[in-house]
Structures are given as structure tokens and as C-alpha cells.
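Student:
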Amino acid sequence: MKVLERYLARQIFSSTLIVFLALLVLLTFLDLIHELGDVGIGNYHLLYAFAYVLLNIPGHVYELFPIASLIGTIFALAQLGANSEFTVMRVSGLSGRGMAVILVRTGLVFVALTFLFGEVLAPLSDEAAQHLRLRATKSVVAQEFRSGLWVKDEASFINVKEVMPDATLSGVRVFQFDSRHALKTISFATRGVYKGNNLWSLSGVVRTSFTGQNVSVSSFPELAWKSVLTPNLLNVLLIYPEHMSIVALHRYIGHLLENRQQATRYQIAFWTKIVYPFAVLVMMLISLPFSYHRRREGGISAKIVGGIMVGLVFYLMNQLSDRLGLINDWPPFLSAALPTVIFFLISLATLWWVERR
6 MKVLERYLAR QIFSSTLIVF LALLVLLTFL DLIHELGDVG IGNYHLLYAF AYVLLNIPGH
66 VYELFPIASL IGTIFALAQL GANSEFTVMR VSGLSGRGMA VILVRTGLVF VALTFLFGEV
126 LAPLSDEAAQ HLRLRATKSV VAQEFRSGLW VKDEASFINV KEVMPDATLS GVRVFQFDSR
186 HALKTISFAT RGVYKGNNLW SLSGVVRTSF TGQNVSVSSF PELAWKSVLT PNLLNVLLIY
246 PEHMSIVALH RYIGHLLENR QQATRYQIAF WTKIVYPFAV LVMMLISLPF SYHRRREGGI
306 SAKIVGGIMV GLVFYLMNQL SDRLGLINDW PPFLSAALPT VIFFLISLAT LWWVERR
């Protein structure tokens, strides 16, 4: 059985690698075409466009793992069926359940790789890609509203007009309130530079204080300012929640909840990051019925097309579930896990049906 398991694993790994290479070449080419439209903006030359596209590859690898493992496993198993190897395995005593166990053991390697890309490589490369593009095009990191970026910090509200790629703040306003929610001070700074340990150095500060019926204005050439706002927190603005690591999502969710802000989108992304790698196992189990090859039902090409369609449906269901969960305020775990659970049940039902035939 160990020899058979190693043989199947080799077939699945080699087929999945081929699928990965084909899909990555396609997506990389499409990314490059998209980036060519921005070449010439600022210092964003062709070399920067190539670097940006290459840095996006780990993120594509993470997103493609379930689909690539599905198509690769279908291709490998369908070939075994076409060559009657699968029939020989069944006659030798390999049951459908035994094949499923072999697929799960093989898929655990893909699960580990998905975690590696999703938690380490993709977030780092995506952040580096965004920094590279922002510096080259001389853009700002974030400007969520016309008035700039807004962040809540305990009893204060912070408004930043622009955040530069090096985390320098431009046009900083701090609205501080007292325990009775009355406006206490409004501080404006032309520039803010991070010094470490949650400390910022603000320059060109003008502070307006409200005491009873009195209003006073003070000016400071430079002022130290302690805030929950840090470059790491600002980096959250560089990438979508779905591309962040579990650790970064957990920290940012804690920040939002501490400040009584809406965190549903980040909570859904958090649970999706936990559930998504195990979708690889589900996709591989769904591919198992394709190994029962019958020539009158079509060849390997038809099965691969079917696998592609299943992968697209899974991808669309993931996107739809996230959006519906956000709109209808579903529990975050339900929004993240629903497509994977549905496809897992479908895989079990399909395998049972094929076995009975």
C-alpha cells in the first residue's frame, strides 16, 4: 500500500505542478498587460512593472491551490482510469474509502503549502509589491474618503489627509474628547514622523483647546504624540483583508473591537484564512469520482473541463458567501466555511453514488 500511495502522490504532484505553471503563466501575463497601462507614471518604468507582477505571484499561488489541486488530481486519476490502472488497483483490493484516505494524506502536503504561502510569502510579497508601486508612481498609501483617512484611538479621532509610502503622515488632525464626550482639543500638524514605541514627532502643530466658554490657540514647532496608530497598522491599508496573514488580521480585529468599530469584513477574512487551506482536501475528494473512467462518457479533456467548471463554481461561491455574510450580518465563521462545507457534502454524496454504480 505504501508503494501505491507513493506512486499516486507522484502522479498527483506532477500533474498539479503542470496545472500550476499553466495557470500562473496565464495570470502573470494578464497582470503584466494590466500594468503596462501605468508604465510612464512617475518613475514607474517597465522594469518596475515586471518586478510588481513577479511579487504578486505568491498571492496567485495561494488563491490557485484549491483549483490547481482539483484539476491536477482529476488529470492524474483520469489518466489512471484511462490506462486501466485504477481498475487494477480496485481489483487488488483498493476501496473507494482507501483511495480517499490516500488523497487526504497526499493533500496534507498541499494544505501545509497553502498555509505557508497564505501566512508568510503572499502577505510579505503583496506588501512589498504595493510599496514598490506606490514609490515608483509617487502615490499615497491611503485616502479612504475625500477628507482622508480616519482612525479611532480611545477618546480621540484621528484624521490624516495623506499617508506616504514611507509611513510619513501629511495633514494630521487629532480630535480629542473628554469623558463626557465633549470636544476638548483639536490639534493640526502639517507632518508626522514615526519614532517607535507608538510615538510620533509632529511638526507645525497648531492646537485649539476648549475650556468651558473659553477657546485658546497654541502653536508648537514640534510635538511628541503617542498614538495607537503605527506603521504596521497603516500597512493594513496596503493590502486587502483576504491577503493579510492570520496574525495581522487578529491584531487588527482586536484594534477595531477595542475602539468599538465594525470588524465583520476582517473577521470573515480571518476565518476564511483558517478554512481555505482545507478546501484543498475537499477539492481533491471531489476529483475522486472522475477516476471512474468510462470511454463512452468522454475522455480526459471532458473531465478536465468539468473540473475547471467545479473550481470556478467554488471560487464564485466563496466570493458570494463573503459578500452575503457581510451584507446580512451572518456569523463570520458561517460565511467563511459555508462553501467548503457544501462542497465537502457534495463530494461525499458523489462518491457514494459512484460506488453504488
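Residue numbers for the sequence shown follow our numbering, beginning at 6 and rising by one.
Built from N, CA and C at the ideal position, the CB exists for glycine as well.
Let me know if W329 comes out buried or exposed under the rule of 16 or more other beta-carbons within 10 Å of its beta-carbon.
Tutor: For the purposes of this step, residue 329 is identified with residue 324 of the sequence shown, where counting begins at 1. For clarity, residue 329 is Leu in the given sequence; the question names Trp instead. Classification of L329: exposed, given that the 10 Å Cβ count is below 16.
Student: Tell me which residue opens and which closes the beta strand (DSSP E) that V233 is part of.
Tutor: For the purposes of this step, residue 233 is taken as the residue at position 228 of the sequence shown. Per DSSP, V233 belongs to no beta strand (DSSP E) and is neither H nor E.
Student: Using beta carbons (cut-off 9 Å, strictly below), is I251 in contact with chain C?
Tutor: This model lacks chain C altogether; it includes just one protein chain.
Student: When burial is assigned at 16 or more other CB atoms within 10 Å of the CB, is L321 buried or exposed?
Tutor: In the sequence shown, the residue the question calls residue 321 occupies position 316. Under this definition L321 is an exposed residue.
Student: Could you tell me the distance, in whole angstroms, from the CA atom of S285 to the CA atom of L28?
Tutor: Working through the sequence shown from its first residue, we reach residue 285 at position 280. Working through the sequence shown from its first residue, we reach residue 28 at position 23. The residue you asked about is not Ser; residue 285 is Val in the sequence shown. Whole-angstrom Cα-Cα distance: 16 Å.
Student: On the DSSP letters alone, give me the boundaries of the beta strand (DSSP E) that E167 sits inside.
Tutor: If you number the sequence shown from 1, residue 167 lands on position 162. Note, E167: beta strand (DSSP E), S161 to V168.
Student: Just how far apart, CA to CA, sit R102 and L353?
Tutor: Residue numbering aside, residue 102 sits at position 97 when the sequence shown is read from its first letter. Residue numbering aside, residue 353 sits at position 348 when the sequence shown is read from its first letter. So the two alpha carbons sit approximately 10 Å from each other.
Student: Is any heavy atom in the ligand NAD found nearer than 8 Å to the beta carbon of A268?
Tutor: Among the components of this structure there are no ligands whatsoever, and the ligand NAD is therefore not found.
Student: Check this for me: beta carbons of P128 and H248, under 9 Å apart or not?
Tutor: On the sequence shown, residue 128 is found 123 positions in, with the first residue counted as 1. On the sequence shown, residue 248 is found 243 positions in, with the first residue counted as 1. The answer is yes: Cβ separation under 9 Å.
Student: For L51, which option in I38, F18 and S20 has the closest C-alpha, if you only look at C-alpha atoms?
Tutor: Within the sequence shown, numbered from 1, the residue matching residue 51 stands at position 46. Residue I38 is the option with its Cα nearest to L51.
Student: Cα-Cα, which of W276, A141, S192 and Q266 is closest to I163?
Tutor: Residue numbering aside, residue 163 sits at position 158 when the sequence shown is read from its first letter. For I163, the nearest C-alpha among the options comes from S192.
Student: Would you check if there are 3 or more beta carbon pairs closer than 8 Å linking the region 195-205 to the region 224-232?
Tutor: With a cut-off of 8 Å, the region 224-232 and the region 195-205 count as touching, because enough Cβ pairs lie within range.
Student: So what does DSSP say about R196, is it helix, strand or coil?
Tutor: Against the sequence shown, residue 196 aligns to sequence position 191. In the structure shown, R196 sits in a strand (DSSP, three-state: E or B).
Student: Exposed or buried, which one is R301 when buried takes at least 16 other CB atoms within 10 Å?
Tutor: Residue numbering aside, residue 301 sits at position 296 when the sequence shown is read from its first letter. Residue placement at R301 is poorly supported in this model, since its pLDDT is 49, which falls under 50; the coordinates are not used for a value here.
Student: Where in the region 303-352 do unbroken runs of the alpha helix (DSSP H), each at least 4 residues long, occur, reported from the N-terminal end onward?
Tutor: With a minimum length of 4 residues, the continuous alpha helix (DSSP H) runs that stay inside the region 303-352 are 305-333.
Student: Look up L99 in the DSSP assignment and say whether it is helix, strand or coil.
Tutor: Translated into positions along the sequence shown, residue 99 becomes position 94. DSSP places L99 in coil when its eight states are reduced to three.
Student: Is T213 helix, strand or coil by DSSP?
Tutor: The residue you call residue 213 lines up with position 208 of the sequence shown. Three-state DSSP puts T213 in a strand.
Student: Please report how far the alpha carbon of K278 lies from the alpha carbon of Y67, in whole angstroms.
Tutor: Along the sequence shown, read from residue 1 onward, the residue named residue 278 stands at position 273. Along the sequence shown, read from residue 1 onward, the residue named residue 67 stands at position 62. Straight-line Cα distance between these residues: approximately 10 Å.
Student: In terms of residue numbering, what span does the beta strand (DSSP E) encompassing A178 cover?
Tutor: Counting from 1 along the sequence shown, the entry for residue 178 is found at position 173. Note that residue 178 corresponds to Arg in the displayed sequence, not to Ala. Run containing R178: L174 to F182, per the beta strand (DSSP E) assignment.
Student: Find the nearest neighbour of Q218 within the set Y245, L234 and K189, judged by alpha-carbon distance.
Tutor: Position 213 of the sequence shown, counted from the start, is the residue given in the question as residue 218. Among Y245, L234 and K189, the Cα nearest to that of Q218 is on K189.
Student: Just to confirm before moving on: does the CB-CB distance between V198 and T235 stay below 9 Å?
Tutor: As a first step, residue 198 is located in the sequence shown; it is residue number 193 there, counting from the start. As a first step, residue 235 is located in the sequence shown; it is residue number 230 there, counting from the start. For V198 and T235, no; Cβs fall outside 9 Å.
Student: Given a cut-off of 9 Å on the beta-carbon distance, is the pair D131 and P63 in contact?
Tutor: On the sequence shown, position 126 is the one that residue 131 refers to. On the sequence shown, position 58 is the one that residue 63 refers to. For D131 and P63, yes; Cβs fall inside 9 Å.
Student: Below 8 Å, can you find three or more Cβ-Cβ pairs linking the region 254-264 to the region 86-99?
Tutor: Taking 8 Å as the limit for Cβ pairs, the verdict is that the region 86-99 does not touch the region 254-264.
Student: Suppose contacts are defined by Cβ-Cβ distances below 9 Å. Is L75 in contact with S292 by that definition?
Tutor: Residue 75 sits at position 70 when you count from the first residue of the sequence shown. Residue 292 sits at position 287 when you count from the first residue of the sequence shown. In this structure, S292 lies closer than 9 Å to L75 by Cβ.
Student: Can you tell me which residues form a DSSP beta bridge with I205?
Tutor: Here the question's residue 205 lines up with position 200 in the sequence shown. The sequence shown places Trp at residue 205, not Ile. Paired residue(s): Y199 and W230.
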